[in-house]
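Here is the structure we will look at.
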Ligand code: SAM
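In my numbering, the protein residues as written are 17 to 305.
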């Protein structure tokens, strides 16, 4: 496991994932009854963006200026994007970051924790020893949150169905393993067997290597419940960028959520462009019946 999210925190892919996750959380919260938010691949929780500005021995260009950096000074952000940026700014300020630029960025467990209600609950899994230690430290005094040094795929089996009988599962793996898509498809199928109405949100990259089209086709053929796909391409097809975009697959999305997501997909699709020819797109992979 070589992947460290630190170098990518706050980049376009994090913005896409986190800004769209928030209205999905709000969608589940339209019902009074609480739910479990299971973060299968949680990361360390808090990211110091100044570290990626300084770079490491490998000399890298920081990625967050083309992600959260592009929204930081924007006014009149549409709906849930305004709430997402507000939460990031609140988090940044909480850890002493200035208001001119993003210095501290919340990972998915923090974004979830900041948006959950009294009756909701967070369980976050992280397998990497150092990342888990940081996550444990972060959440030591948090109420209604637990952290686990567990394989996130196994946690789906172990934690579903939860006592709340409602669940939102975020699956955000590093795609280091060749068979990541197969593993996560099996995990979602197992999760749905245990809990047919659970909502799953799966992040995936758009790269040559990842073959996400084949994944989505296999996924749709596996007899899945209604599923939405929200993809962003930050450049056109012929681009030399290693990661040309990313997607979120939302299985069992909250009722009528596409109306909330559509304006965000359009806005971010344009805002996150790095080269001509990309854009955002929302579609049903498995339509509602
Ligand atoms: N979800 C986080 C966020 O949005 O802030 C970022 C997660 S990062 C893309 C993926 C994380 O999964 C890494 O921290 C990695 O150490 C961890 N990881 C890799 N394989 C895992 C597994 N099988 N179970 C749990 N965590 C795993």
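Ideal placement from N, C-alpha and C gives every residue a C-beta, glycine not left out.
Rounded to whole angstroms, the separation of the alpha carbons of residue 154 and residue 65 is 17 Å. Proximity of the beta carbon of residue 58 to the ligand SAM is indicated: a heavy atom of the ligand is located closer than 7 Å. Distances between the C-beta of residue 19 and the heavy atoms of the ligand SAM include at least one below 7 Å. Note on the region 103 to 146: whole beta strand (DSSP E) runs with a minimum of 3 residues are 120 to 122, 137 to 141, in chain order.
Per DSSP, residue 186 is one residue of the beta strand (DSSP E) stretching across 183 to 187. Apart from sequence neighbours up to five positions away, the residues of its chain that approach residue 44 with a beta-carbon distance below 6 Å are 51, 184, 270, ordered along the chain. Taking C-beta atoms as the reference points, residue 280 and residue 94 count as a pair closer than 8 Å. The three-state secondary structure of residue 33, taken from DSSP, is helix.
Closest by C-alpha distance to residue 132, out of 251, 146, 158, is 158. Within the model, the alpha-carbon separation for residue 241 versus residue 23 is close to 35 Å.
In this structure, the ligand SAM has a non-hydrogen atom nearer than 7 Å to the beta-carbon of residue 143. Annotation: the continuous alpha helix (DSSP H) that includes residue 275 extends over 273 to 287.
With 16 or more other Cβ atoms from the protein chains shown falling within 10 Å of its own Cβ, residue 129 counts as buried. Unbroken alpha helix (DSSP H) stretches of 4 residues or longer found wholly inside the region 162 to 248: 168 to 175, 196 to 210, 228 to 237, given in chain order. With fewer than 16 neighbouring CB atoms inside 10 Å of its own CB, residue 181 falls in the exposed class. Within the DSSP secondary-structure output, residue 62 pairs in a beta bridge with 122.
Under the DSSP assignment, residue 76 falls outside any beta strand (DSSP E); it carries neither an H nor an E label. Listed in chain order, the non-local C-beta contacts of residue 98 below 7 Å within the same chain number zero, local neighbours out to five positions each way being set aside. Closest by C-alpha distance to residue 287, out of 19, 81, 40, 68, is 81. Put simply, the backbone Cα of residue 30 is about 18 Å away from that of residue 151.
For residue 234, the number of other beta carbons within 10 angstroms of its own is below 16, and it is reported as exposed.
Rounded to the nearest whole angstrom, the CA to CA distance from residue 250 to residue 220 is 14 Å.
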